[in-house]
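*Asks:*
4 protein chains.
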Amino acid sequence: MTERQEKILNTALKLFAENGYDSTSTSKVAKAAGVSEGLIFRHYTNKEGLLSAIMVQGKQSALSMYKYILDQQDPKSVIRGIIKLPFTLSEENYNFWKLLYALKWQADVYDHSISAPVKEALINAFTKLNAEDPDAEAEGVLLLIDGIATSVLLRKPENKQAILQTILKKYNV
Amino acid sequence: MTERQEKILNTALKLFAENGYDSTSTSKVAKAAGVSEGLIFRHYTNKEGLLSAIMVQGKQSALSMYKYILDQQDPKSVIRGIIKLPFTLSEENYNFWKLLYALKWQADVYDHSISAPVKEALINAFTKLNAEDPDAEAEGVLLLIDGIATSVLLRKPENKQAILQTILKKYNV
Amino acid sequence: MTERQEKILNTALKLFAENGYDSTSTSKVAKAAGVSEGLIFRHYTNKEGLLSAIMVQGKQSALSMYKYILDQQDPKSVIRGIIKLPFTLSEENYNFWKLLYALKWQADVYDHSISAPVKEALINAFTKLNAEDPDAEAEGVLLLIDGIATSVLLRKPENKQAILQTILKKYNV
Amino acid sequence: MTERQEKILNTALKLFAENGYDSTSTSKVAKAAGVSEGLIFRHYTNKEGLLSAIMVQGKQSALSMYKYILDQQDPKSVIRGIIKLPFTLSEENYNFWKLLYALKWQADVYDHSISAPVKEALINAFTKLNAEDPDAEAEGVLLLIDGIATSVLLRKPENKQAILQTILKKYNV
DNA sequence: GATGAATGAGATTTCATTCAT
DNA sequence: CATGAATGAAATCTCATTCAT
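Residue numbers (my numbering), protein chains in the order written: chain A, 82 to 254; chain B, 82 to 254; chain C, 82 to 254; chain D, 82 to 254.
#1: I'd like the list of long-range same chain contacts for HIS124(C), defined as Cβ closer than 7 Å, with 5 residues on each side in sequence excluded.
#2: Keeping to the same chain, check which residues put their C-beta closer than 7 Å to that of ALA93(D); ignore five residues upstream and five downstream.
#3: I'd like to know whether the C-beta of LEU223(D) is nearer than 9 Å to at least one C-beta of chain C.
#4: How is the alpha helix (DSSP H) around ILE135(A) delimited, first residue to last?
#5: Cβ closer than 8 Å: which chain A residues qualify as neighbours of LYS109(B)?
#6: Measuring only the C-alpha atoms, how far is GLU213(D) from LEU151(C)?
#7: Who are the near neighbours of ALA52(C) in its chain, counting only those whose CB is closer than 6 Å to its CB and skipping five residues on each side?
#8: Buried or exposed: GLU239(B), going by 16 or more other Cβ atoms within 10 Å of its Cβ?
#9: Contact criterion: CB-CB distance below 9 Å. Does LEU210(B) meet it with respect to chain A?
#10: Does the separation of the CB atoms of ILE65(B) and LEU249(B) fall below 9 Å?
#11: When the Cβ atoms of the stretch 204-222 of chain B are set against those of the stretch 173-187 of chain B, are three or more pairs found closer than 8 Å?
#12: Please state if the CB of GLY228(B) and the CB of LEU223(A) are separated by a distance shorter than 9 Å.
#13: Which of the three DSSP states is assigned to VAL233(D) in this structure?
#14: Interface residues of chain D around ILE163(C) at Cβ under 7 Å?
#15: What are the boundary residues of the alpha helix (DSSP H) that TRP178(B) is part of?
#16: By Cβ distance below 7 Å, which residues in the same chain neighbour ILE195(B) in space, the five residues on each side in sequence not counted?
#17: Check whether the Cβ of LEU166(B) lies closer than 9 Å to any Cβ atom in chain A.
#18: Kindly give me the distance between the Cβ atoms of LYS157(C) and VAL254(C), rounded to whole angstroms, as I take these residues to be in contact under 8 Å.
#19: Closest by CA to ILE244(B), which one among ALA217(A), LEU245(A) and GLN246(A)?
#20: What does a CB cutoff of less than 7 Å around ARG161(A) pick up in its chain, not counting 5 residues either side in sequence?
#21: Give me, in chain order, the residues of the same chain whose beta-carbon lies closer than 8 Å to that of GLY115(A); leave out the 5 immediate sequence neighbours on both sides.
#22: For a contact meaning CB atoms closer than 8 Å, what does LYS251(B) contact in chain A?
#23: According to DSSP, simplified to helix, strand and coil, what is LEU96(C)?
#24: Taking only three categories from DSSP, how would you classify GLN187(B)?
#25: From the DSSP output, in three-state form, read off GLU218(A) for me.
#26: For GLY119(D), name the three-state secondary structure that DSSP assigns.
#27: Name the residue from GLN242(C), TYR102(C), LEU120(C) and ALA113(C) whose alpha carbon lies nearest to the alpha carbon of SER133(C).
#28: Find the nearest neighbour of TRP178(C) within the set ALA230(C), ASN127(C), ILE226(C) and TRP186(C), judged by alpha-carbon distance.
#29: Buried or exposed, going by whether 16 or more other CB atoms sit within 10 Å of the CB of TYR149(D)?
Structural data, given as structure tokens:
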């Protein structure tokens, strides 16, 4: 990947995350990246191709980010780690997640491959803890972190720590 | 509001919810409503005005929908009722919420007036239950129902009841 | 069909015929027709739709033009009439035919419905004249008038009349 | 001419003939020829230069192909040979002629130098045969083979032989 | 109130061509 | 000689909005 390609990708991610995919024209991306508009299409074929490239890159970096959490032995650590996840996003990951969450709502672009390993780890953990219905418990946590992520991504809560504590207590982790 | 106005409003809500606000042209709305495109602008000034009108209407109907839940005396009933809320959406409310949730992600249109009374009721309930930090507890529940709503609106979970049970148990309500 | 629609259609026919379909941008058509570019798409959906509309109109006018030739009783009159056809094109028909002939060469847009009745009439005429192979004779004449039409449409021959005479003599009509 | 230059030329001829000059981008030519796009411009300056080179090459090969027909002594053999010409195209010549015929219709690129010797030979032949108006007769045959060529190049007629026979009979050759 | 013709700005995309390496 | 990254102009098309009737 050349320097310009990377510049396009990062600029597009930023703008897509901030202003939405639909509302961000390729012309805006090109201008912000300091690049001719044609170059975007030469490298990424079309606007959707640009989005795909962002997704591939983002997914990789996201997976590598939470891999070590899922691999822990102690089930409580796994659950706690997962619940804390949305609070610990890097800037790049922040933009990627924001874009990902916004895209859920249009078309069926949403890609389950990104949450599947998390769910698996949760089921595992709840099984170890002898939960009655580990699958339902896992789904419950997924809902919860979806809500947490939404809140974080939209920069809403001021009292993050306090909220986190009440939640962790509920789960006894 | 005349019959035509109502037709426009309902059609627009449906299309905006199903295909997104940006991706739905005023021309599509007009065609689907069986109305000339000009009429939309005569009644609602511009596309944003149409959206506003939808929001006003939706909010009213939403508030009236959960008013009786917030007014209950028993704090546990209030909390339980609020958590169950997303599972009990009528078709019209379903579309409104879907649109509302999708719009969160673009621009800063999000309107707190719609969740404010819910938060208040939750704080009240948790105070009655002698929670340590009622505000944080309330925020926690709000996050949770955000996640639940997202899941319901995107028609994902099959085992709704089981999930709901595990959650209610956590909250002991 | 409104006045503007007609203006667009006629202007497009002229430009397409003179400069080719591919080389004529919708912007050029709009400018030449004194109309906004968007209007073309509102009325004809896309550039191809504009072409189709031209074709439909042109075919009608063309068919009505040579109908009376095909309907004559005397077979020699029919053959003579058909051979003379390309020499008697009105300005509008001239442009239509030029466009039609140019389009033959790109894609498989060519529409046989326009030459089919001519072929039928020729077969009929040659049958009446007891030709050995009326079908082959008809095809032969079609080739010939294709050549003639090409020549006329590209404004080549100066000595049209003399050429026409030698040909008619060959066919003894 | 290097091997690469030849590859470019042949590939371009093929694509131009099959899909049209306008519709064939230099990028497609480069890809199909297995060559960088820049190389086309290094060798042929611009797209039009590429076309010119094709024309020069094609004309040479075309002329050499029918030279021996034009040089025959017997006038009837000359006329017959010329009429049969379009039925005897090699693959390479086929593409060249298809391109040539398609290009007639756009711009005034048509090059008379290619048909001039044929016309001369025809006038000569008809003069020897004591035709009343040899020039008109020659033009008549040129029209005819134009029609025949068009038909052959667009791969239309199934009963080629029968058609050819009726025509040759008309010309008594 | 209602229509629908018309506009103009802007979106995505294509493509011949240039140029540093 | 050869590559391929990069450009910029132009092409097709979309869409919110205006306006005469």
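Ideal Cβ positions, reconstructed from N, Cα and C, are used throughout, including at glycine.
*Replies:* According to the structure shown:
#1: For HIS124(C), where only same-chain residues beyond five positions count, the Cβ hits under 7 Å are GLN86 and ILE89.
#2: VAL110, LEU131 and ILE135
#3: yes
#4: DSSP places ILE135(A) in the uninterrupted alpha helix (DSSP H) bounded by 128-151.
#5: Ordered by position in chain A, no residue passes the 8 Å Cβ test against LYS109(B), which lies about 15 Å from the chain.
#6: 31 Å
#7: The structure shown does not extend to residue 52(C), since chain C spans only 82 to 254, so no value can be given for it.
#8: exposed
#9: no
#10: Given that chain B is displayed from residue 82 to residue 254, the structure contains no residue 65(B) and the question cannot be resolved.
#11: Not touching, per the Cβ criterion.
#12: yes
#13: helix
#14: The premise fails here: ILE163(C) is roughly 13 Å from chain D at the closest Cβ pair, so nothing lies under 7 Å.
#15: 172-184
#16: Closer than 7 Å at the Cβ level, and outside the excluded window around ILE195(B), lie LYS140 and ALA143.
#17: no
#18: 4 Å
#19: ALA217(A)
#20: LEU249 and VAL254
#21: LYS88
#22: Near LYS251(B) (Cβ distances below 8 Å), the residues of chain A are GLY221, LYS251 and TYR252.
#23: helix
#24: coil
#25: DSSP places GLU218(A) in helix when its eight states are reduced to three.
#26: helix
#27: TYR102(C)
#28: Answer by Cα proximity: ALA230(C).
#29: exposed
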